[in-house]
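Worksheet: the structure to be examined is printed underneath.
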Amino acid sequence: MGLKEAIAKRDEMMAERERLIRGGQARAAAQIVVPPVNQAAAIATLRASAPTFRLTSSAIAARLAGLLKSAPRLTSPPVEKQFRQWKEQVRGFVATLPAAYEQLVNWNPALPVPWYRGITAFLFGHDWITASFWQDWYGIRPLLVGSIMVSSVALIIAIPFGVAAAIYVSEIAGRSEKKLIKPYIEFIAAIPSVVLGFFGIAVVGEAIRAASQSHWLSWVSFFPISERLNVFTAGALLALMAIPTIFTLSEDALRNVPRGFKEASYALGANRLQTIGRVLVPASLSGIISAILLGLGRVIGETMVVLLCAGNRIQIPDFSEGLGAFFQPVHTMTGIIAQEMGEVVRGSIHYRALFMVGLVLFTITLGINYLAQKIVQRYRMSIG
Numbered sequence: 287m288g289l290k291e292a293i294a295k296r297d298e299m300m301a302e303r304e305r306l307i308r309g310g311q312a313r314a315a316a317q318i319v320v321p322p323v324n325q326a327a328a329i330a331t332l333r334a335s336a337p338t339f340r341l342t343s344s345a346i347a348a349r350l351a352g353l354l355k356s357a358p359r360l361t362s363p364p365v366e367k368q369f370r371q372w373k374e375q376v377r378g379f380v381a382t383l384p385a386a387y388e389q390l391v392n393w394n395p396a397l398p399v400p401w402y403r404g405i406t407a408f409l410f411g412h413d414w415i416t417a418s419f420w421q422d423w424y425g426i427r428p429l430l431v432g433s434i435m436v437s438s439v440a441l442i443i444a445i446p447f448g449v450a451a452a453i454y455v456s457e458i459a460g461r462s463e464k465k466l467i468k469p470y471i472e473f474i475a476a477i478p479s480v481v482l483g484f485f486g487i488a489v490v491g492e493a494i495r496a497a498s499q500s501h502w503l504s505w506v507s508f509f510p511i512s513e514r515l516n517v518f519t520a521g522a523l524l525a526l527m528a529i530p531t532i533f534t535l536s537e538d539a540l541r542n543v544p545r546g547f548k549e550a551s552y553a554l555g556a557n558r559l560q561t562i563g564r565v566l567v568p569a570s571l572s573g574i575i576s577a578i579l580l581g582l583g584r585v586i587g588e589t590m591v592v593l594l595c596a597g598n599r600i601q602i603p604d605f606s607e608g609l610g611a612f613f614q615p616v617h618t619m620t621g622i623i624a625q626e627m628g629e630v631v632r633g634s635i636h637y638r639a640l641f642m643v644g645l646v647l648f649t650i651t652l653g654i655n656y657l658a659q660k661i662v663q664r665y666r667m668s669i670g
């Protein structure tokens, strides 16, 4: 049993013993003997392998350098693109080998770890690895980037449709149109998220991938795409969930504008579009912004759709591809909690890392709601 497995086993047994003690089963808890972990022996073995590690890493670097020099010329643009990305990753890996040897030689496990180092490593770390043989990593940055990208796509789609529909239903549509449009938009909120996620897998993702393979879109640099489950697919489905929230609250904000504002605008000779654009929308702007922020809170806290449609790849997308980064798989904060929480040992480092992810998500949602309230208070027009 390796050091990592021994520590995990020790933590699991300690958590079980604490659970029994809290449950009043002190006798059963006393029968659990937690084995000690000989970290000194494991560290000594690791240090003794430093020369072997140096020779092995040098041989790997030489072999990889020769492999890159003798790489074949590829004629397929998608394959060439993937091979170029692979070469960049290989060069980055080779560049880290000397630093890894220096860290191994100069590593002092007796040095205390400052408290802020754990926080910064969690907030800014770019690796979330939980099935490693030697060391687990809990960096939230790829999850945070994934959540932000998916939410951005959802809002870019939902804001124009939601606000425009609210303006049309409130000020332009006739009575029969209102009876037709409003119930259908509000009905979307009643659709279970798992149904929308399945629809995204079976229909939306396949449609986007098929459209990217069309010769009419061959001029797009990042088309065709290979992954049907990506940021755009998840964002498009989340937009459907955000539109009812934005639509309903924006319509309420428009209806709360005093009728005298509209009548005064018409009396001054403004037409309907001028009245909407220069009087009604500015007067209800605080309510519309609040609707958008609450829609963002609805989107960023969604779990099932992103778990099914985002691709679940724990990796920051390649932003060198421009907009093509939005057609790459990602993972999100809500998705990682739903995917891994049921399998972790209560009280373990993995459990605490997931708890911290939930705390970050709660803080973001709380900040969004607080910002919405402040905007309403700041830009609310005094009527009296």
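Residue numbers (the working numbering): 287 to 670. Glycine included, each C-beta is placed from N, C-alpha and C at the ideal position.
The beta carbons of C595 and L657 sit no closer together than 7 Å.
Contact between S570 and N542 holds, with the beta-carbon distance rounding to 7 Å and staying under 8 Å. Secondary-structure assignment with DSSP links G378 through no beta bridge to anything.
Out of L540, A417, L566, the CA that lies nearest to the CA of S551 is found in L566. In terms of Cα proximity to A475, the closest of K464, I494, G448 is G448. Between L640 and the set A351, I600, R370, M619, the nearest pair of CA atoms involves M619. Of the candidates I471, L503, V436, the residue whose Cα lies closest to the Cα of V585 is V436.
Counting only runs of at least 4 residues, the segment 539 to 567 fully encloses the following alpha helix (DSSP H) elements, listed from N- to C-terminal order: 545 to 553, 558 to 561.
By the criterion of a C-beta distance shorter than 8 Å, F484 is surrounded in its chain by L594, once the five residues flanking it on both sides are discounted. With a minimum length of 4 residues, the unbroken runs of alpha helix (DSSP H) contained wholly in the segment 432 to 492 fall at 461 to 474, 479 to 485. Here V643 is near I623, since their CB atoms are less than 7 Å apart. F613 is a Cβ neighbour of F518, given a cutoff of 7 Å.
For the pair H617 and G425, the CB atoms are not nearer than the 7 Å cut-off. In this structure, the alpha-carbon of T416 lies about 11 Å from that of I600. Each of A336, T589, M627 was checked against the Cα of P478, and the nearest Cα belongs to T589. For W502, no alpha helix (DSSP H) run applies, since DSSP gives it neither H nor E.
Fewer than three pairs of CB atoms, one per stretch, sit closer than 8 Å, so the segment 389 to 400 makes no contact with the segment 362 to 377. With respect to A294, L306 sits apart: the two C-beta atoms are not nearer than 7 Å. Q421: not part of any alpha helix (DSSP H); DSSP gives it neither H nor E. With a contact defined as Cβ atoms closer than 8 Å, Y387 and R333 miss out at about 12 Å.
Collapsing the DSSP output to three states places G597 in a strand.
The continuous stretches of alpha helix (DSSP H) do not include E588, and DSSP gives it neither H nor E.
V592 is bridged by DSSP to nothing; it lacks a bridge partner.
With fewer than 16 other Cβ atoms from the protein chains shown falling within 10 Å of its own Cβ, A381 counts as exposed. Counting along the chain, W401 sits inside the alpha helix (DSSP H) bounded by residues 401 to 410. Using a C-beta cut-off of 8 Å, the segment 296 to 310 makes contact with the segment 626 to 641, since at least three inter-stretch Cβ pairs fall below that distance. R349: member of the alpha helix (DSSP H) spanning 336 to 355, first to last residue. Beta-bridge annotation (DSSP): W393 is not paired with any residue. Shown here, V616 sits in a strand according to DSSP, grouped into three states. Around the CB of T561, 16 or more other CB atoms lie within 10 Å, so the residue is classed as buried.
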